[in-house]
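Shown next, in structure tokens, is the structure this report addresses.
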Amino acid sequence: MALTQTLNILSCTLLLLLLRQDVLTRAALGKWDLLQPSIGIVSMHMQLLHTDRVVIYDRTDFGYSNISLPNGKCRDDPTERKVKHDCTAHSVEYDVASNTARPLMVQTNVWCSGGAVMTNSTLVQAGGHSDGERVIRLLTPSPDNNYDWNEINDGLLARRWYSTSQILPNGDGQIIVGGRGQYNYEFYPKTTPSDKVFDLPFLEQTNDAQSENNLYPFVFLNFDGNLFVFANNRAIMWDYINGKVVRTYPEIPGGEPRSFPSTGSAALLPLKENVGAEVLVCGGAPKGAYLKAMNSTNPEFVGALNTCARIGINDANPQWAMETMPMGRIMSDMLLLPDGNVLIINGAGNGAAGWEIGRNPVLEPVVYRPDSPSGSRFEVQNPTSIPRMYHSSTVLLRDGRVLVGGSNPHEFYVFTNVLFPTELSLESFSPSYLDPKFAYLRPKIISPASQSEIRYGQNVPIRFNLRTGRLNSDSLMVTMLAPSFNTHSFSMSQRLLVLKKLDLKHVGNSKYQIRVVTPDTSHLAPSGYYLVFVVYQNIPSEGMWVRIS
35 MALTQTLNIL
45 SCTLLLLLLR
55 QDVLTRAALG
65 KWDLLQPSIG
75 IVSMHMQLLH
85 TDRVVIYDRT
95 DFGYSNISLP
105 NGKCRDDPTE
115 RKVKHDCTAH
125 SVEYDVASNT
135 ARPLMVQTNV
145 WCSGGAVMTN
155 STLVQAGGHS
165 DGERVIRLLT
175 PSPDNNYDWN
185 EINDGLLARR
195 WYSTSQILPN
205 GDGQIIVGGR
215 GQYNYEFYPK
225 TTPSDKVFDL
235 PFLEQTNDAQ
245 SENNLYPFVF
255 LNFDGNLFVF
265 ANNRAIMWDY
275 INGKVVRTYP
285 EIPGGEPRSF
295 PSTGSAALLP
305 LKENVGAEVL
315 VCGGAPKGAY
325 LKAMNSTNPE
335 FVGALNTCAR
345 IGINDANPQW
355 AMETMPMGRI
365 MSDMLLLPDG
375 NVLIINGAGN
385 GAAGWEIGRN
395 PVLEPVVYRP
405 DSPSGSRFEV
415 QNPTSIPRMY
425 HSSTVLLRDG
435 RVLVGGSNPH
445 EFYVFTNVLF
455 PTELSLESFS
465 PSYLDPKFAY
475 LRPKIISPAS
485 QSEIRYGQNV
495 PIRFNLRTGR
505 LNSDSLMVTM
515 LAPSFNTHSF
525 SMSQRLLVLK
535 KLDLKHVGNS
545 KYQIRVVTPD
555 TSHLAPSGYY
565 LVFVVYQNIP
575 SEGMWVRIS
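The numbers in our numbering rise by one with no breaks, and the one at position 158 of the sequence shown is 192.
So, in structure tokens, the structure goes:
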């Protein structure tokens, strides 16, 4: 009898554990839609503009793309390895509303570059490879939507290949950090003739002589105005104005590398009133994985790391807290969603970042819920059918969908007889908050009007429709999101703020008004364009564009 009871208890316990694991890691939510079978180029870099258009580009030395330049334009470069006379485009502008792409023209190689959008809406793209390594490229939206790239040769003082850009507090400039062989940073625009390159020894200290692992460093603007800089397996707080280390953080437990080409990803978690800033770093490849995968005679594709590390960057004694993902991941992207959660998407389960060295595509996105108890934060979503490996990218759209494209782990365009063909398609992933069954909970912003100007520390009334019955103000929040520049598993200048609520009132049939307080400093929210969302019971409205200055 006792044995039977014990077995029954063990069986029930095992069943509950399995069910709990299924709930936490196999929820199978979200919806995928194919938007375009081909936009003509690989979506290696992406940036959403306040016009609801997405600027996309790959590299000029992939060979002929599948979309022609307009009006007989061609690019002539006698030094090009693949195509010296090229009349195809390597950049496009994707119009979300019409689901169409138009070609843009870049003259120099934008491969593995960085970028940020200035407060005046100009996308500033920095660096690249070969003839593009010192080039600054500007793209400024215009009302007639008939704009193109403007290139400034020698706009950079150092070669910037695999460098990270971060918008600065006033929104009128950006800092450009690192790059292959560059243990330094510089600013754009240059303000005086004495502008120069500034040393950042930390990047050299984190450099692995053979596999580097300090490229595309994760850079975040802290609310004290300093920069949190992560490379390889550790981080510092950097005073970029005075050129000194403010704080040194401990190495991630285990010491495994997380930045390119080991290529995990990172995000600054949502910033809230009276809550310290936290950084989350997930995935990557173990030490030596890159070299093992690159071994031409006997390649080995090591399993990716399945851990995340989270740290309060302003804590008195900051320590990394480790968490376990449902699966290992390299080359994934981390996007902040309007409901305050983090989407982990794209990537592979084995190998490292580089040509032909990734294996086992991870098709299922994962939602990370930072406010849930530790051990119950991850939720696996429905899978795509398209592997998104090396050179894929993703951005959040105003309507709450996630735009996903790219993947080309080859030196040139290759569509047949390979494990992972060059991918020119665009998909959208709709998180579960867009499920039609939640339509009655979805707010619709009435005011302020799109493109409104707001100020720092301002009380802003936001009016919205909500069709549900009695509204519970405790289930309501307003978020403000800075669209990011995404490439190589990092979303540059990405941040989301949860705004302070003042009061809520009912102003008419299904109409409400909530007053919120905008961030009080540009250290919290650098000047520029943001998307504002009203979120009720974790269901966000469509975003409304505002510009803070």
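We treat Cβ as the ideally placed atom computed from N, Cα and C, and that holds for glycine. Since this is a predicted model, take the numbers as computed values, not measurements.
Two segments are said to touch when three or more pairs of C-beta atoms, one from each, lie closer than 8 angstroms; by this definition the segment 253-271 touches the segment 280-295. Here Gly-106 carries a helix assignment [DSSP, helix/strand/coil]. Taking 8 angstroms as the upper bound for CB-CB distance, Cys-316 and Met-368 are in contact here, some 7 angstroms apart. DSSP places Ala-327 within a helical segment (H, G or I) once states are collapsed to three. CA-to-CA, the gap between Cys-108 and Lys-118 works out to about 10 angstroms.
Less than 8 angstroms separates the beta-carbon of Pro-477 from that of Ser-575.
Note on geometry: alpha-carbon atoms of Pro-235 and Ala-265 lie some 12 angstroms from one another. Judged by DSSP secondary structure, Leu-237 falls within the alpha helix (DSSP H) whose first and last residues are 235-239. The three-state secondary structure of Pro-137, taken from DSSP, is strand. Three or more beta-carbon pairs drawn from the segment 512-531 and the segment 248-261 are found closer than 8 angstroms, and the two stretches are therefore classed as touching. In the structure shown, Leu-475 falls within a helical segment according to DSSP collapsed to helix, strand and coil.
Residue environment analysis places Lys-278 among the exposed positions, since fewer than 16 neighbouring C-beta atoms fall within 10 angstroms of its C-beta. The residue among Asn-308, Gln-244, Gly-310, Thr-358 with its C-alpha nearest the C-alpha of Gly-318 is Thr-358. For Ile-379, the uninterrupted beta strand (DSSP E) segment begins and ends at 376-379. Counting only the Cα atoms, Gly-310 lies some 6 angstroms from Asn-348. Per DSSP, reduced to three states, the secondary structure at Gly-542 is strand.
In this structure, the alpha-carbon of Leu-339 lies about 10 angstroms from that of Ser-296.
DSSP places Pro-495 inside the beta strand (DSSP E), whose first and last residues are 493-499.
Measuring C-alpha to C-alpha distances from Tyr-474 to each of Gln-571, Leu-437, Asp-242 identifies Gln-571 as the nearest.
Taken through DSSP and simplified to helix, strand or coil, Tyr-467 comes out as helix. Beta-bridge annotation (DSSP): Glu-487 is paired with Arg-581. Taken through DSSP and simplified to helix, strand or coil, Ser-199 comes out as strand. Three or more beta-carbon pairs separated by less than 8 angstroms are not found between the segment 424-434 and the segment 321-337, which leaves the two stretches without contact. In the three-state DSSP reduction, Gly-213 falls in the coil class, being neither helix nor strand. For Gly-337, the secondary structure class from DSSP, reduced to helix, strand or coil, is strand. Ser-466 and Asp-508 have their alpha carbons spaced roughly 21 angstroms apart.
Rounded to the nearest whole angstrom, the CA to CA distance from Ala-301 to Gly-106 is 42 angstroms. Using a C-beta cut-off of 8 angstroms, the segment 553-562 makes contact with the segment 525-545, since at least three inter-stretch Cβ pairs fall below that distance. Proximity of the segment 63-75 to the segment 120-135 meets the contact definition, three or more beta-carbon pairs being nearer than 8 angstroms. In the three-state DSSP reduction, Asp-165 falls in the helix class (H, G or I). Counted as a single uninterrupted DSSP element, the beta strand (DSSP E) harbouring Asp-367 occupies residues 367-370. Taking 8 angstroms as the cut-off, the Cβ atoms of Gly-215 and Leu-190 do not count as close. Boundaries of the beta strand (DSSP E) around Lys-278: 278-282. In the structure shown, the three-state DSSP call for Asp-229 is coil.
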